[in-house]
DNA sequence: CCATTGTGTAACTGATTGGTTACGTATCAC
DNA sequence: GTGATACGTAACCAATCAGTTACACAATGG
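See below:
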């Protein structure tokens, strides 16, 4: 089968490199859809669809300003990702010290 | 079109909830494929395929022991995720303090 | 009003995903 | 050797993805 109604899932939203790039781009400040689109070689509708996914995951918010739609970064949902990954931090520290011991030929 | 040769991409690997659950499960210690499979309601081959994806992303390693294949968590690639998300931490702190100010009716 | 600009959406497409069942193969227990 | 066990993988399938082009529509600028 396939994933459930996986909309709004942060992990899925950030799985796509283009969407991560859009978020990265928005760290410099809010931007209208067109400006974002022209930063990426893909077509404008493609970016529009990525923005929709990000919107559904609540990673960006949209303000209408005249005929523009300005997108603003909302990083809050990323806390869920940060929280999940955090649970592994201690493990990769162990991994590192294991590697060190191994390299030291111990 | 579609993603490039997106194998080995950590972000893609952790996009699936079942795969995240497998990783979570492996934090308790290494486990053979069969044991993992019986923890998840999906069929054994389905889990086997998830394990393959995790393997390609180098999030787990496989040791053969007799007829078993024991999987061990390797969290190192998660550092890339942690690093990426880290770049947003300051932003969500801003988001929080904005919210606070807003709630305080300021 | 009319043309232009900025944008979302519909319709379509090929690739990929995540699942299944059926099969192949190596190891263990006898 | 034989049968059971623990796997991975092939073949297949429906659903979803990420893109495209064509279209609709609201706001601006004359």
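Residue numbers (my numbering), protein chains in the order written: chain A, 55 to 160; chain B, 55 to 160. Backbone N, C-alpha and C fix where the C-beta goes; we use that ideal spot for every residue, glycine too.
Do you know whose CA, among the options, lies nearest residue i's CA?
i             : options                       : result
residue 142/A : 144/B, 123/B, 113/B and 152/B : 113/B
residue 101/B : 115/B, 76/B, 83/B and 122/B   : 76/B
residue 126/A : 96/A, 104/A and 84/A          : 84/A
residue 33/A  : 81/B, 130/B, 134/B and 117/B  : Nothing can be reported for residue 33/A, as the shown portion of chain A is limited to 55 through 160.
residue 105/B : 119/B, 121/B, 88/B and 120/B  : 88/B
residue 94/B  : 82/B, 107/B and 73/B          : 73/B
residue 71/B  : 61/A, 71/A and 80/A           : 61/A
residue 81/A  : 134/B, 121/B and 139/B        : 139/B
residue 152/B : 151/A, 153/A and 128/A        : 128/A
residue 132/A : 122/B, 144/B and 155/B        : 144/B
Per the DSSP calculation, residue i is bridged to which residue(s)?
i             : result
residue 64/A  : In DSSP, residue 64/A forms no bridge with anything.
residue 116/A : 125/A
residue 85/B  : 125/B
Would you mind stating whether residue i and residue j have Cβ atoms separated by less than 7 Å?
i            : j             : result
residue 64/A : residue 111/A : yes
residue 86/B : residue 124/B : yes
residue 69/B : residue 119/A : no
Does the beta-carbon of residue i have 16 or more other beta-carbons within 10 angstroms, so that it is buried, or is it exposed?
i             : result
residue 78/B  : exposed
residue 58/A  : Its pLDDT being 41, under 50, residue 58/A is placed unreliably in this model, and the value from its coordinates should be taken loosely. Burial call: exposed.
residue 66/A  : buried
residue 108/B : buried
residue 91/A  : buried
residue 150/B : exposed
residue 56/B  : The predicted model places residue 56/B with a pLDDT of 41, which falls under 50 and marks its position as unreliable; any figure quoted below should be read in that light. Residue 56/B comes out exposed.
residue 159/A : exposed
- request: Note down, in chain order, all residues in the region 100-133 of chain B with a beta-carbon under 7 Å from any beta-carbon belonging to chain A.
  value: 127, 128, 129, 130, 132 and 133
- prompt: Which residues, taken in chain order from the region 67-81 of chain A, show a beta carbon closer than 8 Å to some beta carbon of chain B?
  reply: 68, 69, 70, 71, 74, 77, 78 and 81
- request: Give the residues from the region 148-160 of chain B that approach chain A closer than 7 Å (Cβ to any Cβ), ordered along the chain.
  value: 149
- prompt: What residues in the region 88-99 of chain B have a beta carbon less than 8 Å from any beta carbon of chain A?
  reply: none
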